[in-house]
Every structure is written in structure tokens, then in C-alpha cells.
Amino acid sequence: MDSTSSLGEVDALITVASWEERFTKGFNNLVRSKKPTRVLAFYFEEYYKWSEQNVEGAKILCESLGVAIETVALSMSEPGSTWKKLNDWVMSIPADTKELCLDITTMPRETIWELLYIIKQRLRNVHVTYTYYKPGNYGDWLSAEPGRPRLVYRMSGIIKLGTPTTLLILTGFDVDRTKRLVRMYEPQQVILGLQIGEQFGNEVKNIKKHKEAFTRDKKIIMFEGNQYDPNEIKSKIVDELTPFKNTNIVLSSLGPKPGAIGIYKAYVSNPELAISYAPSGQYNKEYSEGLGDLFEGEVT
Amino acid sequence: MTDYVNPFEYEAASKLSSSQMNHYYIDQFNYSRFVKSKRNIFLVGERGSGKSMILMYYSVPVSLERVSGDAKLVVDDGILPIYVTCNTPLAFKNEYDLLEGILPALLAEHYFVVSMMYALADELKMIRELFTAAEMEKVKHDYEYIFDKKLPDSEDVFSSIQLMLQKANVEVQSIINRGDEGRGLSWLFGFNSGMLQLMAIATKTKALEGIHFSLMIDDAHLLTEHQIRLLNSWVSFRDNTSFSFKVAKTKVDRTTAVTATGSSILEGHDYTEIDLEAAYQNKSSEFGKYARLILEKRLETIGLKGIDLNKFFPEHPQFVKDLEKAKLKAKKEAEEKYSGQENSEKKIDGYIYKMARAFYFRDRGATANIPPAYAGLETIIEMSTGIVRNLLHPCYYMYENQYSILQGKGGNQSPLVKFIEPKVQYESIKKRSKKAWVDLKESLSLTVEGCTMDEALQTYQMMDHLTNLFQKRLLTHKSEPRAISFTISDTTSDVYPTVIRWVNIARKAQLMYAYLSSAKDKGQREMYFVPNRILCLQKGLDPRGQHARVSLTAKVLFDAGMLNKKIPYDSEQEGDGGLDFFSG
Numbered sequence: 001m002d003s004t005s006s007l008g009e010v011d012a013l014i015t016v017a018s019w020e021e022r023f024t025k026g027f028n029n030l031v032r033s034k035k036p037t038r039v040l041a042f043y044f045e046e047y048y049k050w051s052e053q054n055v056e057g058a059k060i061l062c063e064s065l066g067v068a069i070e071t072v073a074l075s076m077s078e079p080g081s082t083w084k085k086l087n088d089w090v091m092s093i094p095a096d097t098k099e100l101c102l103d104i105t106t107m108p109r110e111t112i113w114e115l116l117y118i119i120k121q122r123l124r125n126v127h128v129t130y131t132y133y134k135p136g137n138y139g140d141w142l143s144a145e146p147g148r149p150r151l152v153y154r155m156s157g158i159i160k161l162g163t164p165t166t167l168l169i170l171t172g173f174d175v176d177r178t179k180r181l182v183r184m185y186e187p188q189q190v191i192l193g194l195q196i197g198e199q200f201g202n203e204v205k206n207i208k209k210h211k212e213a214f215t216r217d218k219k220i221i222m223f224e225g226n227q228y229d230p231n232e233i234k235s236k237i238v239d240e241l242t243p244f245k246n247t248n249i250v251l252s253s254l255g256p257k258p259g260a261i262g263i264y265k266a267y268v269s270n271p272e273l274a275i276s277y278a279p280s281g282q283y284n285k286e287y288s289e290g291l292g293d294l295f296e297g298e299v300t
Numbered sequence: 301m302t303d304y305v306n307p308f309e310y311e312a313a314s315k316l317s318s319s320q321m322n323h324y325y326i327d328q329f330n331y332s333r334f335v336k337s338k339r340n341i342f343l344v345g346e347r348g349s350g351k352s353m354i355l356m357y358y359s360v361p362v363s364l365e366r367v368s369g370d371a372k373l374v375v376d377d378g379i380l381p382i383y384v385t386c387n388t389p390l391a392f393k394n395e396y397d398l399l400e401g402i403l404p405a406l407l408a409e410h411y412f413v414v415s416m417m418y419a420l421a422d423e424l425k426m427i428r429e430l431f432t433a434a435e436m437e438k439v440k441h442d443y444e445y446i447f448d449k450k451l452p453d454s455e456d457v458f459s460s461i462q463l464m465l466q467k468a469n470v471e472v473q474s475i476i477n478r479g480d481e482g483r484g485l486s487w488l489f490g491f492n493s494g495m496l497q498l499m500a501i502a503t504k505t506k507a508l509e510g511i512h513f514s515l516m517i518d519d520a521h522l523l524t525e526h527q528i529r530l531l532n533s534w535v536s537f538r539d540n541t542s543f544s545f546k547v548a549k550t551k552v553d554r555t556t557a558v559t560a561t562g563s564s565i566l567e568g569h570d571y572t573e574i575d576l577e578a579a580y581q582n583k584s585s586e587f588g589k590y591a592r593l594i595l596e597k598r599l600e601t602i603g604l605k606g607i608d609l610n611k612f613f614p615e616h617p618q619f620v621k622d623l624e625k626a627k628l629k630a631k632k633e634a635e636e637k638y639s640g641q642e643n644s645e646k647k648i649d650g651y652i653y654k655m656a657r658a659f660y661f662r663d664r665g666a667t668a669n670i671p672p673a674y675a676g677l678e679t680i681i682e683m684s685t686g687i688v689r690n691l692l693h694p695c696y697y698m699y700e701n702q703y704s705i706l707q708g709k710g711g712n713q714s715p716l717v718k719f720i721e722p723k724v725q726y727e728s729i730k731k732r733s734k735k736a737w738v739d740l741k742e743s744l745s746l747t748v749e750g751c752t753m754d755e756a757l758q759t760y761q762m763m764d765h766l767t768n769l770f771q772k773r774l775l776t777h778k779s780e781p782r783a784i785s786f787t788i789s790d791t792t793s794d795v796y797p798t799v800i801r802w803v804n805i806a807r808k809a810q811l812m813y814a815y816l817s818s819a820k821d822k823g824q825r826e827m828y829f830v831p832n833r834i835l836c837l838q839k840g841l842d843p844r845g846q847h848a849r850v851s852l853t854a855k856v857l858f859d860a861g862m863l864n865k866k867i868p869y870d871s872e873q874e875g876d877g878g879l880d881f882f883s884g
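Here the protein sequences line up with chains A and B, keeping their order.
Anchor point for the first sequence: position 29 equals 29 in our numbering, and the numbering is continuous, going up by one each time.
In our numbering, each residue carries its 1-based index in the second sequence increased by 300.
Here's what the structure looks like:
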């Protein structure tokens, strides 16, 4: 993997502008390589004081390249209003749009899932791809101040009455967020998907910590997989869930961002699955530094 | 290892089998008089205080197991408890945010009511032997007539009703998930149009004629605002002839008392509130006895019936010796102070009670390496701070460790644990105490919903200074050295809301508990607070508190939290008096 896109050009690029360095560097690469005619850059108003410079930078870059860019403010604290804005924007996409790319590098998972849901509902003939840039490195801490986990709008599954719950989480570096989801849903069965590899101290910060934290629950199932490959992780999710197909199933992703695409693909294969988002009220201003490898692929 | 059973399993009640529940449950406080009553009852208590256990114990499946499957005995008191849990992903659906007009309210009611109806049908199915074939046919007929839906064939009418409810619920969710609600939702159930009708159909059978339905709503704090308002509306129906609600919810997440129509429900008027933790703080200090019964019952599961708990959880012999010495020292001092005075005997006993344990801790020093005090049955019970799960949790790990030690020593793969060595007890308590402090210092903003990083730090600083104050008192206070609870005096101060916010953060993390008690002023009730006593070990505190509460102003607590400032201390100052929690 390197930082240059090998997939083709697109009609529209959708991104969420954050304050991270990898947003600006990655966006620059993508606009030049994918040559979209239209860019939509969302940003979250709660962090606009940090991301303003990057939002403005994106505008300047697009204008200099003759790409139409629209910026839209979203709110983390008003998910209903955010959904409506995403929906309105998708509805405004011209009917002749054929290729759409989601840059999920700094896009919250909830936004990824909601956008993909709305696009699937409204734009049935559009080919959707995603791009994701790893950072060069992560900060000392990533997020804090957890909000109450919530089911994603319209992707809240088909919940059967009198039926136990299975919770499958693709874990990340924050064991407390994993525990919080378990505590919230009190599932009969927990399945943890652990990312493989040594990147960013993964073996200690993720695998070892989760194994230690959940050692008491003898029933817990842990599986390993590569969350940077959504197709692989989707297959593993489907396999792991097969024995629990008669339970209510909730999925969540806290690990590498492309895992969220894997979760979405699992959902598309069975819309009775529910997807849960675990929000945070605070992010580290030094969340990451630098620009790492690019991961990209097809969503639909 | 296949037969290995840890008797101190502390999982949530929902993870226990009916037989485990029947074996473990102890009706020490006679909660049956509330659950099996026709009154609306709100059971409040923090996680692990036993709310779900109480409700589930009286549910039909657990009751049936208790009476060897004889359904008649389940309803012979004229009350049929229906257990409804709110902790299901259905309760977390939130598409209401996207809907307009009256639809959000109708949908919220539907999800709640359809769960209740399903639970009712489920429990009726379990007692179907009470109904004749003709009655079942009549139930089918009435259901189809009232709901205008033909029931599918199934093993019995209640299974058919469940299938129908399942289908209705799936259809509603599918429409909402597709965003097709604009085309109409025809299968929405309301309390009046659904639940009341189903209850009415059931009461037309001979066995359930005149039955009272006790609708047990567990984890009600998880309901949406609209669902809570609806529940309050139903609670406010004053006629409790045919049904009443038993609602379990956490104390710290207070839910609204407002009804769907904007009025309010009142405690005493519309419902009776039972504080599960306050029950443990009464004058007769029932929790100590209750905790012993729990531990005895648990040990029965590994064949240790009738065991002396003090022998199973022995104190460290050195502690027993040193405490005796400390008692003699206190007695000597007391006699020097009070001999010859009026009521000298009582004064001497009082002094020994107050000071002996303090002398023990002073003489061994707060930082001594071997803390033999943190073992023994009494200590384990004190450390629980009145929460059942806090009692079982360290015992679970002590048992695990002792079991492993015995396996290693004798080579026996299934050894019988006859007692837990004091050192093993101490190590388990120490580990928990250390973790509690790490959680307090590092994890509040990661684990408590809505807690900011600043608030997490401030809460830690307040708790740190508070326990430092208790430490100073233990080492130097003249009359009430072992006070480890407190009240906040200036409740009208500007900084009081901030301090209460920190206190509630600690409560949500289960590192602090709050109780209502009588204040010095007669007739007044006041809130007092007790840090989770598992925090004591790391600060060298005596987990066994005394009859005293330290009165602190909101200002000093605010300064401790906000400015990281020590809480002023006067070694002569008296506390508020109060109750000993666990003696007895």
C-alpha cells in the first residue's frame, strides 16, 4: 500500500474535514487523483474552531483546481438534525452521478453508516467506493467523555421480542469503550473482533488489553481479522454470527475505520442486524500526526 | 475443571438460571409484600443492589420452578406478576427523532406495550395447564375479534398470540427502517388498545377471574423520555384493582415524574418508593445479617452447609492479637479519663468502641507493609458498602485464587475450598482497591456518560482530599476518628450544584453511594454520602466506619475538587452523629 489512489476518477467526493494533518494531506491527494467534479466537505460545528483552517484549505484547493465544493456543518450533539442534512444533501446529487467516493479518513463511523444507508436508499445505480488514510502515528490518547451508545437511525435492525442479544464489537485501543457497549446492551453473548498486526502498538494496546479485560467471561468469543480489509472482516463477521442467527444481533466498530465498511457490508447482507455507534464527547486535538498508507475499495 | 463452580458468581440476575435464582435469593426484607401487592411500587437502587433479582424472583418461570411446576400455586394469592425488561435493543431504537407529528409518541408506546403484551402471553403460556380447551378457544376468539386479526396455528393460543405480536413488531420495524412510515403504520399497539385488552381477555378464564396483574418493569431508567411519561400516566391511574406497576430503576439516573399529559406523579400518592440501599442503613443494621445469609447460601452450593462464615473468611491472627492490644490501650485510657464519673461504665465502653480500632491503625501506621486488618468476614461485609455485587465480587476472586493454590499444593484438580487464607483475602481486596483508585483517577471521563475530562479530574481531586481527611481523622481525631461518611451543609451555596455534579459522577461510577437519613434537626431528612469502602485499603483507612458523619461545606469540597486544595481539618471537631451501617 502507498498513499496514491489506484482506483479511478469519480463524479463526487464526500468527506468530513477534521483538524488532523492527515485530512489535509489525504484530501489533497484524493482531489488531484480522483478528479471529482463536485466535493462535499462536512465538518462538525463542535470542532470547527480546530478544523476551520482545514475546511478553508479544502475550499481554496478545490477552487484552484476548478472543482465545485460545498461545505456543510453537522452537529454531533443533534444526530437527528445531522441525519436530515445528510439526507437532504444526498437527495441533491444529480441523477447522472455514476461514481461516488467516500473519504472515510476522518469521518465518524455514524456518518459513514448513515451516508451509505441513504445513498443505497436514494441512489440505487451509483457505484460507491471508499478511501481511508492511516495516520503516521496516533496521539497519547484519542477520545474521552463517552456518550450513551446509540443504534444508528434506520439501521437499528429487526429486534425480536423475548430473544437474547448477541453483541459483536470490532475492538480498538480503548477497552473502556468496549466495556461500555457490553454494559449498555448486557448481551447474552459477546463476540470481539481483534485487529491483527503490530501497527501502533496494536498487540499490546488492543489484543492483550482486551484479552485481559474479558478473561473472566468464559463464553466470550474472540476472533482475529484484518479490519483494513472490509471484505475479509465482513466474511468473518458473518461466519462468527452464524451460530447466533436466532438472537438479536448488535454490531459496532471501534477499531480501524475500514472495519466500519465491513460492518456495513454485513448489515447489507442481513438488514435484521442492528448497528450501534459509541459516541465520544471529547477528542484529542493531537489525535494523530502525519499521513500513512492509503486503503481503498468498493462499497457497492 | 468441568465441575468447577465458583459459589460467589456475581453476574447480573438475568444471567442466572431459575434454579440458581431460587437458591440464591433471600427475602430478608420481605419484598414479597411489595411485589405481590396491588400498589404501585418503585424499587430504586444502584447497579448490583438486587433490583432485577427481586423482580425476576417473582416472575412466573422462577416461581414455577419453586413450586415444582404447579401453576395453581403461582396464582393462588390472586396476583400474577409479569416481568418486562427494558434492557433490550428495542428500547434503544431512536428513529422517533426522525419522525414528525404524533408518530414518535405512538411508536414509542408501541415498542413498550408490545414488549409487555409479549411477556404477558409468555407467562400465560407457562401456566396454560390452568385453562380448559374451551377457555383457550374463547381466548382465541376474543383476541381475533378485538384485534381483528386471525391468529396463526401454533401449539397453544398464547404461542399464537406471541407469533402475531412478533409479526406485528417485525412489520413496524421494517417499515420504519425502510423510511416508509409515510404510508402508514397499521399495527401499532397502545396500552389501552393492546395491553388492557389482552389482560381483560385473560381474566375471562376461571383461573384468572379477578386476578391482579403486577406489571414488573425492570431497568425503567433505560426507557425513552416519552415512554417514562407514558409509564407515569399509567401509574397515575388510581384504580389499582386489576393491575399495578412495580418499577425498578437506578437511583442516580432520576427519571422524570411528569406524565404524558404534563401532570406529575407523587410519591406516597401514586406510588411507594423503596430504596433498596436505604433499607440496609436502618438502625437494626440488617445488611450485616443479610450479607451473612447470602454468603451461607452461596457456600451451600459447594456442599459447605452450615459452615461458620468466620472460619471460612478468617481474620489474620496478627490482627486479632494487635486489636486486642489496642482495646486494652483504649480501655486503660478510658479508665483514666472516666473512672469515678457518673455513668463511667457506659462512657468507658463508648470510648473503647470509638478509639480501639483507631489505635490499632495508628499504632501500625498508615503505610505499614503488612495490613492484616483487610481480611475477615466483617471486613468483607464492610467493604461492600451495602451493595450485594460489591460483596460477591471480591469473594469470587478470593475463591478462584484459593482454589488455584490448593490445586497447586495437593495436585488435586477439584479441591474443596474449606476456608480462604487471610493473605488470599487481602490480596483480592487490595487488587480491587487499587483498581478502584485507578478507575477514579484515570477512567471517569471514559466510563461515565457525559463526564468531561475536567470533571473527571475534579471528582478525583475531591475524593482524594476527602479520603485524605478521613485518613487524618483516623490518625489524630480525638473523638470520632473512624468517620468515613459525610454530609454537605451549605446546600444553597453557588458551588453546591458543581459539587453535587462531581458526587453524582462518582455515584455513577459506583465509587460513592448516597442515602437519605434523619438529620440532627428532628423531622428533617438529609442526604449523606459514603465513598465505596473498597477505596479504604489504599488509604490505610478502617473500612469499619463508626457512628459519625463529617459535616462539610460545599465550599471546602469545591475547593478540593476545583483547586486541588486540602480540606481544612480540626482534630477536635465533632461530626454529625449517625448510624453504624453494618454492626449486628
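The C-beta atom is built at its ideal place from N, Cα and C for all residues, glycine as well.
To the nearest angstrom, how far is it from the Cα of Asp140/A to the Cα of Thr767/B?
Here residue 140/A refers to the residue found at position 140 when the first sequence is read from its first residue. Here residue 767/B refers to the residue found at position 467 when the second sequence is read from its first residue. Taking the straight line from one Cα to the other gives about 30 angstroms.
When the cut-off is 9 angstroms and only beta carbons count, does Pro149/A lie next to chain B?
Indexing the first sequence from 1 puts residue 149/A at position 149. Judged by the 9 angstroms Cβ criterion, Pro149/A is in contact with chain B.
For Ala266/A, which residues in chain B fall below 8 angstroms Cβ to Cβ?
Locating residue 266/A in the first sequence gives position 266, where the first residue counts as 1. None at all; the shortest Cβ gap to chain B is about 16 angstroms.
Do Val299/A and Pro328/A count as a contact pair if the criterion is CB distance below 9 angstroms?
The shown model of chain A, from 1 to 300, leaves out residue 328/A, and the question about it has no answer.
Checking the sheet assignment: what are the DSSP bridge partners for Phe295/A?
One-based indexing of the first sequence puts residue 295/A at position 295. The partner list for Phe295/A (beta bridge, DSSP) reads Tyr132/A.
Can you find a C-beta in chain B that's less than 9 angstroms from the C-beta of Val72/A?
Working through the first sequence from its first residue, we reach residue 72/A at position 72. So, not an interface residue.
Do you know how far the Cα of Phe537/B is from the Cα of Gly878/B?
Along the second sequence, one-based indexing puts residue 878/B at 578. Along the second sequence, one-based indexing puts residue 537/B at 237. Since pLDDT at Gly878/B reaches only 44, below the 50 mark, its modelled position is unreliable, and the value read off the structure follows with that caveat. Their Cα atoms are separated by approximately 39 angstroms.
Based on DSSP bridge pairs, tell me the residues matched to Asn387/B.
As a working note, residue 387/B is residue 87 in the second sequence. DSSP, once it has assigned bridges, lists no residue as partnering Asn387/B.
Rounding to the nearest angstrom, what Cα-Cα distance links Ile220/A and Pro715/B in this structure?
By 1-based counting over the first sequence, the position of residue 220/A is 220. By 1-based counting over the second sequence, the position of residue 715/B is 415. So the two alpha carbons sit approximately 26 angstroms from each other.
Given that Gln282/A touches chain B, what residues does it touch there, using C-beta distances under 9 angstroms?
Indexing the first sequence from 1 puts residue 282/A at position 282. By Cβ distance, chain B contributes Ser745, Thr752, Met753.
Restricting to Cα atoms, I'd like to know which of Val250/A, Tyr287/A, Lys208/A, Gly262/A is closest to Leu273/A.
Indexing the first sequence from 1 puts residue 273/A at position 273. Minimum Cα distance to Leu273/A is reached at Val250/A.
Taking 8 angstroms as the threshold, find out whether the region 613-623 of chain B comes into contact with the region 674-685 of chain B through three or more Cβ pairs.
yes
How would you write the range of the beta strand (DSSP E) that Arg592/B sits in, first residue to last?
Looking up residue 592/B in the second sequence gives position 292. For Arg592/B, no beta strand (DSSP E) segment is defined; the enclosing uninterrupted segment is the alpha helix (DSSP H) at 586-600.
Does the distance from the CB of Lys589/B to the CB of Gly345/B come in under 9 angstroms?
Taking the second sequence and counting its residues from 1, one reaches residue 589/B at position 289. Taking the second sequence and counting its residues from 1, one reaches residue 345/B at position 45. Going by C-beta atoms, Lys589/B is not nearer than 9 angstroms to Gly345/B.
Which of helix, strand or coil does DSSP assign to His127/A?
Along the first sequence, one-based indexing puts residue 127/A at 127. Residue state, collapsed to three classes: strand.
Whole alpha helix (DSSP H) runs in the region 746-823 of chain B with 4 or more residues, listed along the chain?
753-776, 796-808
Could you have a look at Asn248/A and say whether DSSP puts it in helix, strand or coil?
Position 248 of the first sequence holds residue 248/A. Correct three-state label for Asn248/A: strand.
Residues in its own chain within less than 6 angstroms of Lys808/B by CB, not counting five upstream and five downstream?
Position 508 of the second sequence, counting from 1, holds the residue named residue 808/B. Around Lys808/B: Val552, Val748.
Can you look up Gly878/B in the DSSP assignment and give me helix, strand or coil?
Taking the second sequence and counting its residues from 1, the one referred to as residue 878/B is at position 578. Confidence is the limiting factor: at Gly878/B the pLDDT is only 44, short of 50, which leaves the residue's position unreliable and the question unanswerable from this model.
Considering only their Cβ atoms, is the gap separating Val457/B from Tyr443/B smaller than 9 angstroms?
In the second sequence, residue 443/B corresponds to position 143, counting from 1. In the second sequence, residue 457/B corresponds to position 157, counting from 1. The answer is yes: Cβ separation under 9 angstroms.
Taking contact to mean at least 3 C-beta pairs separated by less than 8 angstroms, is the region 305-314 of chain B in contact with the region 696-703 of chain B?
yes
Give the secondary structure of Tyr310/B by DSSP, where H, G and I count as helix, E and B as strand, and everything else as coil.
Indexing the second sequence from 1 puts residue 310/B at position 10. Of the three classes helix, strand and coil, the one that applies to Tyr310/B here is coil, per DSSP.
Along chain B, in chain order, which residues have C-beta atoms closer than 8 angstroms to that of Gly307/A?
Shown here, chain A extends from 1 to 300; a query on residue 307/A therefore has no answer.
Is Ser883/B helix, strand or coil when you go by DSSP?
Residue 883/B sits at position 583 when you count from the first residue of the second sequence. Interpretation of Ser883/B is limited by its pLDDT of 36, a score under 50 that renders its predicted location unreliable; no figure is taken from the coordinates.
Which same chain residues end up closer than 8 angstroms to Asp717/B when comparing Cβ atoms and leaving out the 5 residues on each side of it in sequence?
Within the second sequence, the letter at position 417 stands for residue 717/B. At residue 717/B the sequence reads Val, which differs from the Asp that was named. Closer than 8 angstroms at the Cβ level, and outside the excluded window around Val717/B, lie Ile602, Tyr699, Gln702, Tyr703, Leu706.
Whole angstroms is fine: what's the gap from Asp842/B's alpha carbon to Arg657/B's?
Position 542 of the second sequence holds residue 842/B. Position 357 of the second sequence holds residue 657/B. Using only the alpha carbons, I get a separation of about 8 angstroms.
With DSSP as the reference, identify every bridge partner of Ile379/B, one or two as the case may be.
Your numbering for residue 379/B matches position 79 in the second sequence. Ile379/B pairs with His512/B.
Could you give the first and the last residue of the continuous beta strand (DSSP E) run that contains Lys546/B?
The residue labelled residue 546/B in the question sits at position 246 within the second sequence. 543-549 is the span of the beta strand (DSSP E), which, as asked, contains Lys546/B.
Apart from the five residues on each side of it in sequence, which residues of its chain come closer than 6 angstroms, Cβ to Cβ, to Gln320/B?
Position 20 of the second sequence, counted from the first residue, corresponds to residue 320/B. So the list is empty, once near-sequence residues are dropped.
Is there a Cβ of chain B sitting closer than 9 angstroms to that of Ala144/A, yes or no?
On the first sequence, residue 144/A is found 144 positions in, with the first residue counted as 1. With 9 angstroms as the cut-off, Ala144/A counts as an interface residue toward chain B.
Taking Gly479/B as the query, report the chain A residues whose CB atoms sit under 8 angstroms from its CB, ordered along the chain.
Stepping through the second sequence from its first residue, residue 479/B is reached at position 179. In chain order: Gln121, Arg154.
Which stretch, first to last residue, makes up the alpha helix (DSSP H) that contains Gly193/A?
Sequence index remark: in the first sequence, residue 193/A carries index 193 (1-based). Note, Gly193/A: premise wrong, no alpha helix (DSSP H); beta strand (DSSP E) at 189-195.
Output needed for Glu755/B: all residues of its chain with C-beta closer than 8 angstroms, excluding positions within five of it in sequence on either side, in chain order.
The residue given as residue 755/B occupies position 455 in the second sequence. The answer, listed in chain order, is Leu744, Ser745, Arg801, Trp802, Ile805.
Quick one: measure Cβ to Cβ for Asn394/B and Arg22/A, integer angstroms, because I've assumed they're closer than 8 angstroms.
Translated into positions along the second sequence, residue 394/B becomes position 94. Translated into positions along the first sequence, residue 22/A becomes position 22. Not quite, the Cβ-Cβ distance comes to about 31 angstroms (not below 8 angstroms), so this is no contact.
Is Gln810/B close to chain A? Criterion is C-beta to C-beta, closer than 9 angstroms.
On the second sequence, residue 810/B is found 510 positions in, with the first residue counted as 1. Cβ-Cβ to chain A under 9 angstroms: no for Gln810/B.
With 9 angstroms set as the bound, which would you pick, yes or no: does the beta-carbon of Gly201/A sit closer than that to a beta-carbon of chain B?
Residue 201/A sits at position 201 when you count from the first residue of the first sequence. For Gly201/A, the answer is no, since every Cβ of chain B falls outside 9 angstroms of its Cβ.
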